[in-house]
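Peer 1: Following this message is one structure expressed as structure tokens.
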Amino acid sequence: MKARGAIRTFPAAIAIIRTIANCLKQTSSASAKQVRINPLQKMEEPENNHKINRRKFLGAGVRASVLLGLGGVAALVLKQSVAGNLVWQLDPAKCVQCGRCATSCVLTPSAVKCVHVYAMCGYCDLCGGYFKPETKTLTTAAENQLCPTSALKRKFIEDPFFEYTVDEPLCIGCGKCVKGCGAFGNGSLQLQVRHNRCVNCNQCSIARNCPADAYSRVPASKPYLLRQVGDEKNLTAKTPRR
Amino acid sequence: MTKLNSQDLNRYGRNVAIAGTPRGLSLLRNVAIIAGIFAMILCVLIIINYIQVKRADPLNTKTMKVLVDRMHADPADEQLRQEIREIDLLARRAFFTNQWQVRMGGYLLFFSLLVVVICVTAAGLMQKTIPAVPSGAKTDRWHTLKINRIWVGYTGISIVVISMAILILTHQELGRNLQEAINEQDHAGRPEGREAGMQESRNAELQNTGNGDSLVKKDTIAATERANMDGYPSLQEISRNFPSFRGPGGNGIARQKNIPVNWDGKSGKNIKWKTEIPLPGYNSPIIWNDRVFLTGASQTIRMVYCIDLHTGKILWQKAVEKIPGTPSQEPKIIKETGFSAPTMTTDGRRVYAVFANGDLIALDFAGNQVWAKNLGLPMNHYGHASSLIMYHDLLIVQYDQRGSGSVMALSGKTGEVIWKTSRSVKISWASPVIIQTGKRTELVLAADPMVASYDPATGKELWNFACITGEVGPSVAFAGNIVYSVNDFSKLAAIELGDPPKLLWEDTEYLSDIPSPLATGKHLYLVTSYGAVVCYDAKTGAKYWVQELETPVFASPVLAEGKIYLLDKKGVMHIFNDDQKFTPVSQPQLGEGSSCTPAFADGLIVIRGDKNLFCAGK
Amino acid sequence: MKRKIIIFGALALLLLVIVFIAWDLFFNKPAGNENPYAYDLKSLRSGDSTQILFAEEQHFSTGLPAIHGIALDKSDHIFIAGENGFEIYDPAGKREAAIPIGGTANCIHVDQAGQIYLGMQDHVEIYDQKGRQLKTWNTCGEDAIITSIAAEGKDVYIADAGNKVVYQYDVTGAFHKKIGEKDPSRKIPGFVVPSPYFDLGIGRKGELWVVNPGRHHFEQYNGDGDIMSSWGEAGMSMDGFCGCCNPSNFAIFSDGSFVTSEKGIERIKIYGPDGVFKCMVAGPGSFVEGTRGLDLAVDSKNRILVLDPEKNQVRIFTLKKQVTGK
Amino acid sequence: MIGFTHFASSRLHGKKSKRIVFLCLMLFFSIQFLDALAVQRFPKPEFESGYVQPETMQPAARAEMLQIADVIVLVIMLSVISWLVVKKRSRLGVFAASVVSLAYFGFYRQGCICSIGAIQNVTLALFNSSYPAPLAVIGFFILPLIFTLFFGRTFCAGVCPFGAIQDLVAFKPQKLGTRLNAVLGLIPYIYLGLAILYAATGSDFIICRYDPFVGIFRFNASFAMFIFAGTLLVSGIFIARPYCRFLCPYGVLLNWISRFSWKHITITPSTCIQCRLCEDSCPYDAIDLPVTGTNPESRGTTIRKLILISLLVPFFTVLGGWTLSTVHETLASVNGKVRLAKTLVEPASSVNQTETIEVTAFKSSGKPVAQVYAEASRVLKQFYTGSWILGCFLGLVFGITLAYRMVTKYQKDYLPNKGTCLSCTRCVDYCPVRMGDDNLPAI
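Just so you know, the protein sequences line up as chains A, B, C and D, in that order.
Numbering-wise, the first sequence is residues 1 to 242 according to the working numbering.
Numbering-wise, the second sequence is residues 243 to 860 according to the working numbering.
Numbering-wise, the third sequence is residues 861 to 1186 according to the working numbering.
Numbering-wise, the fourth sequence is residues 1187 to 1629 according to the working numbering.
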């Protein structure tokens, strides 16, 4: 780490030294009242010619060292680079549904949407993600719906199963339904950054505000972190952390 | 210097005064003005819209909440129901309409501004005026500089003053508070939050069940120990287990008892269980309490397996993936090394595994990832091969690679690099070994050109001794203040520790390139990969005996209960006594080939074959 | 002069921008602390504490890494099953034995003869009190997730959440029949099990009670698999069962009352034999949020034993002193 | 009597063969199907009505090929602009190219592959070995610097969409005078230093956080950011390119490197005739005027002052370091971990007693408090070191800025200042001298 830092500061140090040296040199020449000549102008005096050559040589040297320094930095960084891109994604296992995905995204509406993993869904009649907590009559009436924008659709399939679908353009990514589904159901509703909407900021502004540290950069080739199978933790009772 | 006259300008200027028609110009100006006014109106509208939404979020209106509450009180009120539905519809419409308005307003604003920009730019192009020589005298350079200096100086002073003001306003002493909080916790010696709750209830339970009950008490203490994910195991705890390649410290000595000497993998005699490991790997199993850990990998998949020591059931397996920094290209490997040559290690709190491509992962005992990172694709031609080892809570990684070899210690808890010492050595397969010299604990590494020792706590090099060349495969052995190092086409060197360390004896007749030597105190055992076992006097280097097994050996010998267990490539375990004479005890067969060093638990031996993991026990 | 004003104005704007950055970076709170879209479970979780007529009398921790099931034998010894083993405690909570097993037991039952039935993932293992394995009953199929076992006389009932059915075996391990498969002709609605919590138990008259969690019902079956009765309704309020599928576990008092546990809103409640809500044993305040699988048992002194997997404890609740009689 | 754990592992073996078949299928189908491989975690309801369970859609991220395309466009744009500036000397050409860049990097790519922000990625990669910087980002960081080393800040002239958008609105640029330029010119150093400090500690990418124009490019941002951008643009009507000159951290690097550029743009293509026509042409105050007259101070005074200042530079450096290190806790409060630890360790000091979302989330995560404290105090230490280094750097910059204003660089002609010149080629149009015009006018 230290060595790396030293290499990094090296070109900068050279540049600073050069600048200082130049200043000093110019002061002395200033006091000698010598006239600095436009390099484009052809000069006859061999003394000045000599001077120009020396300057050119010095310039080339500095350029070479700057180039070398840049190359060094690049090499250090390239060592741990990836060819592909990285994109932001949130880990539903860490998500606490604080609502900031809806409010912190640079986009309005947010690029984070509720995603339904059908394979995990219990197709319940009383869906914790669809109905407001105190709902008595299980109908699609407005007073029963939990979703503030009515983006979660409910469709009867057969007794006693209902299918729930997310209408993405309406979804604002608030995570209300995710919380309800997680608390009472299987957790098949999960928040995810949708990459057809996300503009992939260099620093995701939701990630900065995420209280659960759920956001991370993931390879663009595998851009989703949906909880799927083999992820038994969330289904069963949590094992106590010891 | 005189002014140029217009003639000169006409002669020299290229872009001088393309006089625009006044009509065109005024048209542009008018368009720009209208567009500008339009933009301003839009701006105001958008701001008003914003403030409106800000003041009353249509999705979270109070009216709605009140109505819904009322409805819960009186579910039969049909009229109320209708009202709610209407308001809800209105609210949602308001929300989406507002979004639409803002978006459309934004577009309109943008295009009107674009029109302004285009008009003004076009007008500017048409109106290009004749450049004029600035009026007024030239400024005095020196005076200007002086003023600049003063301004810069004042700026500097004000920045310092502002910083100080901030310091006074927001003085926090956060660092000290944190440190105090940490100390307090260390002092209390118990975890926080929920854990603390658990602890308290445990204490309560202790009182409940009476103090005389030693079983519960002991168990409570054990549970507390387990609950503590910080800290590190004691040496006793380590030596009760088999936590790394070649056992505790990597010294090749197992302290377990009642190790079986007879079994047969084919007939199943004395075989407690046999479990197929889905992915191949040349790493050896490690054991902590009742769990066996090992890894397997193919070119693309890397897995960590946790196996129940008593049943052989795979308790969990964890795919090592999505590691930040995993290089997209696969490491170059050779067949004899594979994709998962390094053996795992554990500190009883977490297990750690590293793979040929430099993927390093820490998992808890339930198989959850604690942290993971990639150390960078190792620059050698066989992938990373050195095994891991723990010192206290530090995970030691020997990462000898072309150009930038290093040894580093990572915090087991967080994966943070605690120290990193660069090594100017060639590439190596060898694994780090931790030795107790009596005076101190040292971390000993072997790689061309030297055997080097480091302080495992700080990474400071303690000594080095140039005696070894080539791409070193065998790790060092240590006993009785002597470190033994060997490599093929180099030599076997016995180095007596001291200041400075000195060469005690050396031999070049038998040399190993894969199995590590084993020092038992009196004797040194050297096993060559073609199957010769040599017993030396530890102090003098005199050869006591040489035994040709006539099968290749890749595994390293391990001493357990005074017997040496050496597994050959065909799966035959050669068990013989640690003695001046070659006295074989038995030669049980595994029934399949193997390249891995066995692991030991009380009454049990765990052996990884080419396909299966075996556990033998009486 | 005009130029100076312009420059001054523009500079002021520029400085405004810089001050904004500095202010926002160092002094502005990074994000609002209010969640405009909060799903308010707090009001539900707080509940009505006057309904809680029980208090925690005692608790003790177990030595297992994770615990899943609790059962009592006729002498009120406590049996805890979990990851890699099961443990036996005396009624006071003193450990008498800890028996390691390979794998994880999801549920446990002790019959009149003292045999211990452990529901593993897809099969049942039977042990004696010394920890010797007596028998293993064959696998219940690939999808099987055994979540509860109860023995009555010669019959052993096994609840399989994976296949959403109850199996009837006899004590020898012979499979008899499936109970509770959807059959409109016999008016059997079929079990709806959206998550792996599916409990059954034996009533005071030896009748089989099974939770139909997806329908929030208790269903009573006879030995032939006929549905006899059912009760229960969904609802967040005190008398209903909350969430998509509840209750998750139950136990039956000697007087035929039910004690039930729910997930989502962690609460333990008592219903009369007729399914009428009586009182609460413990509310969400007593549990870590998100606790699931609170297995229950009732001993001969009517103490309620609650298995808290989140705290890894057995918690014993008894009727509060000032309340006498129900 | 319920509760259970894993059951997926027992089924894994059976899935293996399916997986192989699936991998083959994947050659024909898109990657999105990968997750269809996911086994039903809990047996789904047995539907009798023939209902088919829909697949969860997972729209792919932007194709990686397009990333490479961005780098190619960048190289092309840099080459074209450099040619237009150095060889062709065409203001109109540069203008046209900048509009193209604005359209592509700004409005099409929405400003989020940007050299300015790339500083932070590179820094983070240097300090955090687990962060892999994407190749394209490294390209965006290095390539403009290399071009600058050869041709001056041609990147600023028209490749950078930020510069382009500000250049468009610079209707009435006013000369600020050297002192304002000197003072305001210090801000980018502070910004750069802070950006590096925050990126190195993994706290935040502040350059991106206060990226003023990205919202305009996306037609989407928070209200505050729009106001922010609007304010900057309005001031940009009169102060040409305020972001580039007085904020841009990347400009600092470009400034340094440009000083050593090989072929920098000149005002005159041939010989300066001292006509003074270009004197007011530069909207960025980047033309160095010829030095006439003599130093009123004696040589001795100058040298004395110079010695004094060179003695003062180390003092400034230490002073800067000390000053900043005293406020390192304020600096560190940007870091989320530190903020969390702060709220946890001082709950009483917070004015409102309600628990913050962060604290609630932390409590439900089950992480031990000690770990947060340890992490935070480690970050604090990093900030302490970092603020010393940053402060020293700023002190040094301050000292050098002062020293630089002690000396006079004698020059006879009107020359663009290689450091601050943005190569916009405006001045070129003002020069009456033509290429190869040795036939000097009679003056």
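Cβ atoms here follow ideal geometry from the backbone N, Cα and C, with glycine treated the same way.
Bear in mind that the values here come from a model prediction, so they are computed numbers and not experimental data.
Measure the beta-carbon distance from B:ALA336 to B:PRO300 and round it to whole angstroms, keeping in mind my assumption that it falls under 8 Å.
Peer 2: In the second sequence, residue 336 of chain B corresponds to position 94, counting from 1. In the second sequence, residue 300 of chain B corresponds to position 58, counting from 1. That pair is a contact at about 4 Å.
Peer 1: Taking contact to mean 3 or more Cβ pairs, one atom from each stretch, closer than 8 Å, check whether the segment 528 to 540 of chain B and the segment 582 to 591 of chain B are in contact.
Peer 2: Contact between the segment 528 to 540 of chain B and the segment 582 to 591 of chain B is present, because at least three Cβ pairs lie under 8 Å.
Peer 1: Only counting the same chain, and skipping five residues up and downstream in sequence, which positions put a Cβ closer than 8 Å to that of B:GLY654?
Peer 2: The residue given as residue 654 of chain B occupies position 412 in the second sequence. Excluding sequence neighbours, B:GLY654 sits near TYR474, ASP589, ARG591, ARG592, TYR594, ALA604, MET632, ASP635, LEU636 and LEU637.
Peer 1: Can you pull the chain B neighbours of A:SER150, defined as C-beta to C-beta under 7 Å?
Peer 2: To locate residue 150 of chain A, count along the first sequence from 1; it is residue 150. Going along chain B in sequence order, the residues near A:SER150 (Cβ under 7 Å) are ARG334.
Peer 1: Excluding the five sequence neighbours on either side, which residues of its own chain have a C-beta within less than 8 Å of the C-beta of D:ALA1527, listed in chain order?
Peer 2: Looking up residue 1527 of chain D in the fourth sequence gives position 341. Here the set comprises VAL1558, TYR1559, GLU1561, ALA1562 and SER1563.
Peer 1: Do you know how far the Cα of C:SER1045 is from the Cα of D:GLY1236?
Peer 2: Here residue 1236 of chain D is taken as the residue at index 50 of the fourth sequence, counted from 1. Here residue 1045 of chain C is taken as the residue at index 185 of the third sequence, counted from 1. Taking the straight line joining both Cα atoms gives about 21 Å.
Peer 1: On the three-state DSSP scale, how would you describe C:ASN944?
Peer 2: Within the third sequence, numbered from 1, the residue matching residue 944 of chain C stands at position 84. Strand at C:ASN944.
Peer 1: Can the beta-carbon of D:ILE1393 be found closer than 9 Å to that of D:PRO1618?
Peer 2: Within the fourth sequence, residue 1393 of chain D is the residue found at index 207, counting from 1. Within the fourth sequence, residue 1618 of chain D is the residue found at index 432, counting from 1. No, they are not a contact pair.
Peer 1: Below 8 Å, is the gap between the Cβ of C:PHE1035 and the nearest heavy atom of the ligand PLP?
Peer 2: Although the ligand PLP was asked about, the structure shown includes no ligands whatsoever.
Peer 1: Are A:ASN202 and D:CYS1298 close, meaning C-beta to C-beta below 9 Å?
Peer 2: Within the first sequence, numbered from 1, the residue matching residue 202 of chain A stands at position 202. Within the fourth sequence, numbered from 1, the residue matching residue 1298 of chain D stands at position 112. Taking 9 Å as the Cβ cut-off, A:ASN202 and D:CYS1298 qualify as a contacting pair.
Peer 1: So, at 7 Å on beta carbons, what are the nonlocal neighbours of D:LEU1264 in its own chain, with the 5 sequence-adjacent residues on each side left out?
Peer 2: Taking the first residue of the fourth sequence as position 1, residue 1264 of chain D is located at position 78. These residues qualify, in order along the chain: LEU1329, PRO1330, PHE1333, THR1340, PHE1341 and VAL1345.
Peer 1: In chain D, which residues lie with their C-beta within 8 Å of the C-beta of A:GLU158?
Peer 2: Stepping through the first sequence from its first residue, residue 158 of chain A is reached at position 158. Residues of chain D passing the Cβ test: PHE1233, GLU1234, SER1235 and TYR1237.
Peer 1: With DSSP collapsed to three states, give me the class of C:TRP883.
Peer 2: Here residue 883 of chain C refers to the residue found at position 23 of the third sequence. In the structure shown, C:TRP883 sits in a helix (DSSP, three-state: H, G or I).
Peer 1: Flag D:VAL1558 as yes if its beta-carbon sits less than 9 Å from any beta-carbon of chain C, otherwise no.
Peer 2: For the purposes of this step, residue 1558 of chain D is taken as residue 372 along the fourth sequence, with counting starting at 1. With 9 Å as the cut-off, D:VAL1558 does not count as an interface residue toward chain C.
Peer 1: For D:ILE1351, go through chain C and note every residue whose CB falls closer than 9 Å to its CB, in chain order.
Peer 2: Here the question's residue 1351 of chain D lines up with position 165 in the fourth sequence. Neighbours of D:ILE1351 on chain C: none; closest Cβ ~15 Å, over 9 Å.
Peer 1: So, does the CB of D:GLN1568 fall closer than 9 Å to a CB anywhere in chain A?
Peer 2: As a working mapping, residue 1568 of chain D is identified with position 382 in the fourth sequence. Closer than 9 Å: no.
Peer 1: Beta carbons nearer than 9 Å to chain C: which residues of the segment 547 to 572 of chain B have them?
Peer 2: Residues ASP550, HIS552, THR553, GLY554, LYS555 and LEU557.
Peer 1: Which bits of chain E does B:ASP319 rub up against, with CB to CB less than 8 Å?
Peer 2: The structure shown contains no chain E; its protein chains are A, B, C and D.
Peer 1: How would you write the range of the alpha helix (DSSP H) that D:ILE1262 sits in, first residue to last?
Peer 2: Looking up residue 1262 of chain D in the fourth sequence gives position 76. Taken as a continuous stretch (DSSP letters only), the alpha helix (DSSP H) holding D:ILE1262 covers 1250 to 1268.
Peer 1: Could you check what DSSP says for B:PHE796 in three-state terms: helix, strand or coil?
Peer 2: Here residue 796 of chain B refers to the residue found at position 554 of the second sequence. It is coil, neither helix nor strand.
Peer 1: State buried or exposed for B:THR451, treating a residue as buried only when at least 16 other CB atoms are found within 10 Å of its CB.
Peer 2: Locating residue 451 of chain B in the second sequence gives position 209, counting from the first residue. Note that B:THR451 scores a pLDDT of 38, beneath 50, so its modelled location is shaky; the value from the coordinates is reported in the next line. Per the 10 Å Cβ criterion, buried.
Peer 1: Rounding to the nearest angstrom, what Cα-Cα distance links A:GLY99 and C:MET861 in this structure?
Peer 2: Taking the first residue of the first sequence as position 1, residue 99 of chain A is located at position 99. Taking the first residue of the third sequence as position 1, residue 861 of chain C is located at position 1. One C-alpha to the other measures close to 52 Å.
Peer 1: Within this structure, are the beta carbons of C:PHE1113 and C:SER1121 separated by less than 9 Å?
Peer 2: Along the third sequence, one-based indexing puts residue 1113 of chain C at 253. Along the third sequence, one-based indexing puts residue 1121 of chain C at 261. No, the Cβ-Cβ distance between C:PHE1113 and C:SER1121 is not below 9 Å.
Peer 1: Going along chain B in order, which residues have a C-beta closer than 8 Å to the C-beta of A:ALA83?
Peer 2: Here residue 83 of chain A is taken as the residue at index 83 of the first sequence, counted from 1. The answer, in chain order, is SER570.
Peer 1: Where does B:GLU572 sit, in a helix, a strand or coil, going by DSSP?
Peer 2: Within the second sequence, residue 572 of chain B is the residue found at index 330, counting from 1. Three-state DSSP puts B:GLU572 in coil, outside helix and strand.
Peer 1: So which residues of chain B does C:PRO960 contact, with C-beta pairs closer than 7 Å?
Peer 2: Taking the third sequence and counting its residues from 1, the one referred to as residue 960 of chain C is at position 100. Result: HIS552.
Peer 1: Taking only the alpha-carbon atoms, compute the straight-line gap between D:LEU1566 and D:TYR1317 and give it to the nearest angstrom.
Peer 2: For the purposes of this step, residue 1566 of chain D is taken as residue 380 along the fourth sequence, with counting starting at 1. For the purposes of this step, residue 1317 of chain D is taken as residue 131 along the fourth sequence, with counting starting at 1. Looking at the two C-alpha atoms, the distance is approximately 21 Å.
Peer 1: Strictly below 9 Å CB to CB, what residues from chain B border A:THR108?
Peer 2: In the first sequence, the residue the question calls residue 108 of chain A occupies position 108. What A:THR108 touches in chain B: GLN341, VAL344 and ARG345.
Peer 1: Using a Cβ-Cβ distance cut-off of 9 Å, determine whether B:ALA608 contacts chain C.
Peer 2: To locate residue 608 of chain B, count along the second sequence from 1; it is residue 366. So yes, B:ALA608 belongs to the interface.
Peer 1: Just reading off the alpha helix (DSSP H) that D:SER1573 is part of, what are its end residues?
Peer 2: On the fourth sequence, position 387 is the one that residue 1573 of chain D refers to. From DSSP, the alpha helix (DSSP H) with D:SER1573 extends over 1555 to 1590.
Peer 1: List, in order along the chain, the chain C residues whose C-beta lies closer than 7 Å to that of D:LEU1354?
Peer 2: Start at 1 with the first residue of the fourth sequence, and residue 1354 of chain D comes out as number 168. Neighbours of D:LEU1354 on chain C: none; closest Cβ ~16 Å, over 7 Å.
Peer 1: Out of D:GLN1597, D:PHE1412 and D:TYR1377, which one is the CA nearest neighbour of B:TYR292?
Peer 2: By one-based count along the second sequence, residue 292 of chain B stands at place 50. The shortest Cα separation from B:TYR292 among D:GLN1597, D:PHE1412 and D:TYR1377 belongs to D:PHE1412.
Peer 1: List, in order along the chain, the chain C residues whose C-beta lies closer than 8 Å to that of A:GLY128?
Peer 2: Here residue 128 of chain A corresponds to residue number 128 of the first sequence, with the count starting at 1. Chain C residues near A:GLY128: GLY1103, CYS1104 and GLY1124.
Peer 1: Could you name the residues of the same chain whose beta carbon sits closer than 7 Å to that of D:ILE1324, not counting the 5 residues immediately before and after it, in chain order?
Peer 2: Here residue 1324 of chain D refers to the residue found at position 138 of the fourth sequence. Taken in chain order, the residues that qualify are VAL1308.
Peer 1: At least one CB of chain C closer than 9 Å to the CB of A:LEU226: is that the case?
Peer 2: Position 226 of the first sequence, counting from 1, holds the residue named residue 226 of chain A. Not one chain C Cβ lies under 9 Å of A:LEU226.
Peer 1: Using only CA atoms, which one of D:GLY1379, D:LYS1361, D:SER1284 and D:LEU1383 lies nearest to D:PHE1348?
Peer 2: Residue mapping note: residue 1348 of chain D aligns to position 162 of the fourth sequence, counting from 1. D:PHE1348 has its Cα closest to that of D:SER1284, out of D:GLY1379, D:LYS1361, D:SER1284 and D:LEU1383.
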